[in-house]
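One structure is given here, and the rest of the page talks about it.
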DNA sequence: GCTTACCGTAAGTCAACACTTACGTTAGGT
DNA sequence: ACCTAACGTAAGTGTTGACTTACGGTAAGC
């Protein structure tokens, strides 16, 4: 149930903005916090949550802590989501056939 | 930004349990609430959130309200996630090459 | 028509959590 | 050695939201 942490992590809008910024490449905390409407410590706390969800991982470069996207949590989340995707497609097909049946019976 | 609602909806554990039950097929509210550690009105409120996120849709059968998985929200969420999946793979490849380079230079 | 399932909604409560400011730590520059 | 930059963490606060009980509405059975 590791995808649970990933979902709760990505549920927060600020955390999503941080995560989306990392999509363009690795960034230190200061760069990530710049432009965001919250303080830098808030960004650190968000990064901690993202890290525990295996969505990001950090790497120290001297005084800087450079964060980047971690494929692990992303992969687990995608795998969980694909479960539903398949059954949703099946349900969709069934729905179409049922509706088509109604249309034909008119 | 429709995926935002889907993420906040799936962030809640109880809502995930409801959603996962719907994976096995359409269910009325009573069946979904049975076995869950929360009251039936709570399940109704959760279903409302899932519905607004386009993750489920309901259909009235007399007094019953039968809920089933809606592919719309699921598709939007998957599309958003795939954005990161691609860049995460690129980053992963770059990381592997960088690490391999270090290994060779030893 | 009356009762009984089956639901959704309103109102209120309590805990989680997203913020803030203040502080401690580490690394680099002069 | 001192200062500064770049962080993480601790502690406290306000608000969101996940629950409860109570109530109103609709459809089916007798």
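Residue numbers (my numbering), protein chains in the order written: chain A, 89 to 194; chain B, 89 to 194.
Think of the CB as a built atom: it goes at the ideal place given N, C-alpha and C, for glycine as much as any other residue.
A quick note: this is a predicted structure, and the numbers were derived from the prediction, not measured.
### Message
Residues of chain A with CB closer than 8 angstroms to the CB of residue 111 of chain B, please, in chain order.
### Response
Within chain A, the residues near residue 111 of chain B are 171, 172, 175.
### Query
Taking just the CA atoms, how far does residue 126 of chain B sit from residue 190 of chain A?
Here the model assigns residue 190 of chain A a pLDDT of 48, short of 50, so the residue's position is not dependable and the matter cannot be decided.
### Query
If the cut is a Cβ gap below 8 angstroms, which residues of chain B does residue 162 of chain A touch?
The contacting residues are 169, 172, 173, 176.
### Message
Please state the DSSP three-state secondary structure of residue 117 of chain A.
### Response
Looking at residue 117 of chain A - three-state DSSP - the assignment turns out to be helix.
### Query
Going along the chain, which residues of its own chain have a beta-carbon closer than 6 angstroms to the beta-carbon of residue 90 of chain B, five neighbours each way excluded?
Contacts found: 164.
### Query
What in chain B is Cβ-close to residue 116 of chain A, meaning under 7 angstroms?
Listed along chain B, no residue sits closer than 7 angstroms to residue 116 of chain A by beta-carbon distance, the nearest being about 16 angstroms off.
### Query
Using 8 angstroms as the limit for Cβ to Cβ distance, is residue 166 of chain B near chain A?
At a cut-off of 8 angstroms between beta-carbon atoms, residue 166 of chain B makes contact with chain A.
### Limits of the unbroken alpha helix (DSSP H) element including residue 137 of chain A
Run containing residue 137 of chain A: 128 to 140, per the alpha helix (DSSP H) assignment.
#### Entry: For residue 167 of chain A and residue 177 of chain B, the rounded distance between their alpha carbons
Approximately 15 angstroms, taken between the alpha carbons.
### Task
Could you please give me the residues that DSSP links to residue 147 of chain B through a beta bridge?
Per DSSP, the beta bridge partners of residue 147 of chain B are B:154.
### Query
Does any C-beta atom of chain B lie closer than 8 angstroms to the C-beta of residue 190 of chain A?
Legend: pLDDT at residue 190 of chain A = 48, less than 50; position of this residue unreliable, no value from coordinates given.
#### Entry: Nearest candidate by alpha-carbon position, reference residue 170 of chain B, set A:162, A:175, A:137, A:172
Of the listed residues, the one whose Cα sits closest to residue 170 of chain B is A:162.
### Secondary structure of residue 92 of chain A, DSSP reduced to three states
The answer is helix: DSSP assigns residue 92 of chain A an H, G or I state.
### Task
Go through its chain and collect everything with a Cβ distance to residue 114 of chain A's Cβ below 6 angstroms, but skip five positions before and after it.
Cβ within range, chain order: 154, 156.
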